[in-house]
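Each remark here refers to the structure printed beneath this line.
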Amino acid sequence: MNSLRAIGYLQIDCACKRYNVSDRCKPNYGSCVDGRRSVPIELLDVAGLVPGAHMGKGLGNKFLDDLRHADALIHVVDVSGTTDQEGKNTRGYDPSVDIAWLRSEIVAWIRGNLMERWGSIRRRHLAVKATALETLQAQLSGYGSTASVVARTLDKLNLKEPLENWSNETIDQVVGAFTDEKFPTVIALNKIDHPDADANIARIAKMEDPNRIVLCSAVSEIFLRKLAKQGYIRYTEGSEFVDTREDLIADGDPDGGGLKELDDKNKTRIENLKDMVLYRFGSTGVVQVLAKAAEILGLVPVFPVRSTTSFSSGASESKYVFRDCVLVKKGSTCAEVARKVMGGDTPIAYIEGVGAMRVAEDDTVAVGKNDSYADNAEAVNSQFYVLDENGLRKVGI
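Structure follows, in structure tokens:
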């Protein structure tokens, strides 16, 4: 069974809304509706993990190998307790067990690979007089790690003893901390509308970080999107609002928004869905899953443009604004953002903000700070502007 690749959409507030140009916003990728932008995110479905995966059981090795390419994990958990850890139908299963063993499988996979070579790793570490960071990064880079990930892992543990003296318990601590740092995980508790879900949600909320949990009803989201596409309802994805033809007529629209009439079966289902999911939880939670992943990763959207007057991306498409959106790590510097957009190590002469105010290259991207900017190189061959949540800045390359 091969992993399935797909595209999901992260919903963000688009810059076009801030500058009242939503009517001319036409993204090159994704979409923008009334200032609510859908930014494409690549997803990889690696379903099939079972206990014992780190020893090769099931599709374990394939599953774990796929994880190396992920920036974050979304663990979809059947919170109704009607599916056990083997994927078989049941009733009364404790889904918190699934959360625990997923992490334990990843930890066991990494630890097993590390311990298999620990003797030679230790000897080389001493021979070349490397730092713990250098040695660990050399061993963990195969998991898609970077030196900064390993550095954060070591900083979190604040270990005093040198690597060559690490005990098995210390290695376990390092692997556990690395797993949490490299594979930040959103726990998507699905089937929240099931009668058995409440008790399981309460149990998991006490065991896991609530900031990593999103409550979901995927079947409700699919149902609502299908009816909206067919013209039976008006639905804003990610919200609690659903309007039927009857609702709009009651609100004073004699044409009911041009919507089709629902049959009695679907009317009842819509009302139950509103009561059991939308009004109770605020949404189906599906859109919120990617938003939570972006939050955990600390991603900030930036919008590179060619002109701060028209907000276009080029002379040939000046009619449309904010065609592109790039997600960068919160705390990235203005120069790092510029180079990510333009590519390469182009030298930058200066960075200019709104009102021609100079901004330092090492000034960071964060909410409410440096929302708009641009950079200018020593030899200015071209210019572009970057709008992020902290301001508009001009960039010359």
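Residue 248 in the UniProt record's numbering sits at position 248 of the sequence shown, and the numbers go up by one each step. Backbone N, C-alpha and C fix where the C-beta goes; we use that ideal spot for every residue, glycine too.
query                                                                                                                                                            : result
Kindly indicate the opening and closing residues of the alpha helix (DSSP H) around THR146.                                                                      : Run containing THR146: none; DSSP gives neither H nor E here.
Quick one: grab the DSSP three-state call for PRO195.                                                                                                            : coil
CB-CB under 8 Å to THR135, same chain, minus the five flanking residues each way: which ones, in chain order?                                                    : ILE121, ARG124, HIS125 and LEU163
Helix or strand or just coil, what does DSSP make of THR236?                                                                                                     : coil
Check the DSSP bridge columns for ARG5 and list the partner residues they point to.                                                                              : LEU44
Considering only C-alpha positions, which residue in the set ARG323, VAL46, VAL300 and ARG339 is nearest to LEU102?                                              : VAL46
Quick one: residues in its chain with C-beta nearer than 7 Å to the C-beta of ALA218, no 5 flanking neighbours on either side, listed in chain order?            : ASN190 and VAL286
Inspect the CB distances between the segment 30–37 and the segment 77–90 and report whether three or more fall short of 8 Å.                                     : no
Check for me: the alpha helix (DSSP H) holding PHE178 runs from which residue to which?                                                                          : 168–182
Going by Cα to Cα distance, which pick from ASP209, ASP363, ASN158 and PHE311 is closest to SER332?                                                              : ASP363
Taking DSSP as the reference, what is the three-state secondary structure of PRO210?                                                                             : helix
Applying the 10 Å Cβ sphere with the 16-neighbour rule, what's the burial state of PHE241?                                                                       : exposed
On the CB-based measure, 16 or more other CB atoms within 10 Å of its CB, does ALA289 come out buried or exposed?                                                : The amino acid at residue 289 is misidentified as Ala; the sequence shows Val. Buried, because 16 or more other Cβ atoms sit within 10 Å of the Cβ of VAL289.
Rounded to the nearest angstrom, what separates GLY355 and LEU114 at their Cα positions?                                                                         : Because the pLDDT of GLY355 is 47, which lies under 50, any placement of that residue in the model is unreliable, and the number read from its coordinates should be weighed accordingly. Each residue's alpha carbon lies about 54 Å from the other.
Give the DSSP bridge partners of PRO301, in chain order.                                                                                                         : LEU327
Ignore the nearest five residues each way along the sequence and tell me which others in ALA379's own chain have a CB closer than 7 Å to its CB.                 : In this prediction, ALA379 has a pLDDT of 33, which is less than 50 and means its spatial position is unreliable; nothing more can be read from the coordinates.
On the three-state DSSP scale, how would you describe SER141?                                                                                                    : helix
Determine the burial state of ALA335: buried for a count of at least 16 other Cβ atoms within 10 Å of its Cβ, exposed for fewer.                                 : buried
Where VAL107 and GLY298 are concerned, what is the direct C-alpha to C-alpha distance, given to the nearest angstrom?                                            : 24 Å
Please report how far the alpha carbon of TYR93 lies from the alpha carbon of LEU4, in whole angstroms.                                                          : 27 Å
How about LYS260 and TYR232: do their beta carbons lie closer than 7 Å?                                                                                          : yes
Give me whichever residues DSSP pairs with LYS12 in a beta bridge.                                                                                               : Note on identity: in this sequence residue 12 is Ile, with Lys being the wrong assignment. Partner(s): ARG37.
Just list the residues that DSSP pairs ASP78 with in beta bridges.                                                                                               : ASN190
Looking only at its chain, what residues have a beta carbon closer than 6 Å to the beta carbon of GLU116, apart from the 5 residues adjacent to it on each side? : none
With a CB to CB cut of under 7 Å and the five nearest residues on each side skipped, what residues in its chain are close to VAL97?                              : GLN85
Do you know how far the Cα of VAL128 is from the Cα of SER239?                                                                                                   : 57 Å
How long is the line joining the alpha carbons of GLY8 and CYS25, rounded to whole angstroms?                                                                    : 20 Å
Can you give me the start and stop residues for the beta strand (DSSP E) that THR244 sits inside?                                                                : 242–244
What are the partner residues of SER31, as DSSP defines its beta bridges?                                                                                        : SER38
Would the segment 171–190 count as touching the segment 137–149 if we require 3 or more Cβ pairs under 8 Å?                                                      : yes
According to DSSP, is VAL219 part of a helix, a strand, or is it coil?                                                                                           : helix
Going by Cα to Cα distance, which pick from GLN11, THR170 and ILE201 is closest to TYR29?                                                                        : GLN11
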